[in-house]
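So that you can map any letter, position 108 of the sequence shown is 99 in my numbering, and since no number is skipped, the others follow by simple counting. Glycine included, every Cβ here is placed at the ideal spot set by N, Cα and C. Worksheet for the structure shown next.
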Amino acid sequence: MIRPLEPRDLPAVFAINQANRPAVGDLDEAWLAQLVEWADLALVVESEQIDAFLLVMAPGSPYPSPNYRWFERRREASGEDHVYVDRIAVRHRAQNQRLGSALYEELFRLRPGRPVSCEVNVRPMNAGSLRFHERHGFGEVGQQGANGKTVAMLLRKPVEPDHRNR
Ligand SMILES: CC(C)(COP(=O)(O)OP(=O)(O)OC[C@H]1O[C@@H](n2cnc3c(N)ncnc32)[C@H](O)[C@@H]1OP(=O)(O)O)[C@@H](O)C(=O)NCCC(=O)NCCS
-8 MIRPLEPRDL PAVFAINQAN RPAVGDLDEA WLAQLVEWAD LALVVESEQI
42 DAFLLVMAPG SPYPSPNYRW FERRREASGE DHVYVDRIAV RHRAQNQRLG
92 SALYEELFRL RPGRPVSCEV NVRPMNAGSL RFHERHGFGE VGQQGANGKT
142 VAMLLRKPVE PDHRNR
């Protein structure tokens, strides 16, 4: 079941985040609570336990992440809207069972017509996540790097309505 993230989920979400470093960024519980407060959308997948989570930031957030700010500068320069996937992660034993895909389908359903931005590590390479994002319609719009790490900046444009049958 996909449902909104609630404060009682924070310890389980924190554990999933930390187990998936460095694919997702390191944090502490206080910073996680701050990210959830800033988030436009915070979802979890729960069966017997919390198996996965998704945090999405809208434009105009004070979130200082360099990757979020990269997309915000792009929006300010070009007017291109976006909602930013700050992090998506699945508990190790629940990976590859379409939970990540289900979270993205829910995001696309809840934010129809909105471009979706995110970044994926390419140095060190996160090939699984890159494939996962390409499969969901994301394409590279840039790269940025610091301290020996490089990320690919990805954007998923909304699917155009099909006018052929009108
Ligand atoms: C990437 C991730 C969110 C995908 O969710 P998922 O529920 O495992 O994926 P789905 O079952 O919906 O889709 C399967 C695809 O996900 C990717 N994937 C699966 N396991 C993965 C893993 N351990 N690490 C990274 N990607 C993985 C693969 O591309 C897979 O496709 P494949 O069959 O071609 O290998 C999830 O695997 C995960 O949390 N990975 C570790 C953290 C991470 O990389 N987060 C994204 C940071 S940008």
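Assigned exposure category for E63 - 16 Cβ within 10 Å defines buried: The count along the sequence shown starts at 1 and reaches residue 63 at position 72. Looking at its Cβ environment, which holds 16 or more other Cβ atoms inside 10 Å, E63 is buried.
Let me check you understand the geometry: is the CB of R66 closer than 8 Å to at least one non-hydrogen atom of ligand 1? As a first step, residue 66 must be located in the sequence shown, where it is residue number 75. R66: no, Cβ never under 8 Å from ligand 1.
Do A10 and I41 come within 9 Å of each other at the CB atom, strictly closer than that value? Numbered from its first residue, the sequence shown carries residue 41 at position 50. Numbered from its first residue, the sequence shown carries residue 10 at position 19. Their beta carbons are not under 9 Å apart, which means I41 does not touch A10 by this criterion.
Quick one: Cα of T141 to Cα of G16, how far? If you number the sequence shown from 1, residue 141 lands on position 150. If you number the sequence shown from 1, residue 16 lands on position 25. About 13 Å.
Helix, strand or coil for P(-2), going by three-state DSSP, please let me know. Position 7 of the sequence shown, counting from 1, holds the residue named residue -2. Helix at P(-2).
Using a threshold of 8 Å, is the CB atom of V111 nearer than that to any non-hydrogen atom of ligand 1? Start at 1 with the first residue of the sequence shown, and residue 111 comes out as number 120. Yes, Cβ of V111 sits closer than 8 Å to a heavy atom of ligand 1.
Check each candidate in N87, C109, R66 and name the one with the smallest Cα separation from G128. As a first step, residue 128 must be located in the sequence shown, where it is residue number 137. With distances taken between Cα atoms, G128 lies closest to C109.
Do E131 and M144 count as a contact pair if the criterion is CB distance below 9 Å? Here residue 144 refers to the residue found at position 153 when the sequence shown is read from its first residue. Here residue 131 refers to the residue found at position 140 when the sequence shown is read from its first residue. Contact flag set, yes.
Reducing DSSP to helix, strand and coil, say where S69 ends up. As a working mapping, residue 69 is identified with position 78 in the sequence shown. Of the three classes helix, strand and coil, the one that applies to S69 here is helix, per DSSP.
Tell whether a beta-carbon distance below 9 Å holds between L45 and V74. Numbered from its first residue, the sequence shown carries residue 45 at position 54. Numbered from its first residue, the sequence shown carries residue 74 at position 83. It is not a contact, given that the beta carbons lie outside the stated cut-off.
From this set, N138, N87, F123, which residue's C-alpha is nearest R147's C-alpha? Residue 147 sits at position 156 when you count from the first residue of the sequence shown. Closest option to R147, Cα to Cα, is F123.
Can you list, in chain order, the residues of its chain whose CB lies under 8 Å from that of P13, leaving out five sequence neighbours each side? The residue you call residue 13 lines up with position 22 of the sequence shown. Excluding residues within five positions, the ones whose Cβ falls inside 8 Å are N112, P115.
Can you check DSSP and say which residues form a bridge with N112? Along the sequence shown, one-based indexing puts residue 112 at 121. DSSP lists V142 as partners of N112.
So is R89 buried or exposed if we call it buried at 16+ other beta carbons inside 10 Å? Taking the sequence shown and counting its residues from 1, the one referred to as residue 89 is at position 98. The residue is exposed, with fewer than 16 neighbouring Cβ atoms inside 10 Å.
My understanding is that D31 touches A49, with C-beta atoms under 8 Å, so please give their C-beta distance in whole angstroms. As a working note, residue 31 is residue 40 in the sequence shown. As a working note, residue 49 is residue 58 in the sequence shown. About 4 Å; that satisfies the 8 Å criterion.
For F44, three-class secondary structure by DSSP: Within the sequence shown, numbered from 1, the residue matching residue 44 stands at position 53. Here F44 sits in strand by DSSP.
Coil, strand or helix - G130 by DSSP: Here residue 130 refers to the residue found at position 139 of the sequence shown. Three-state DSSP puts G130 in a strand.
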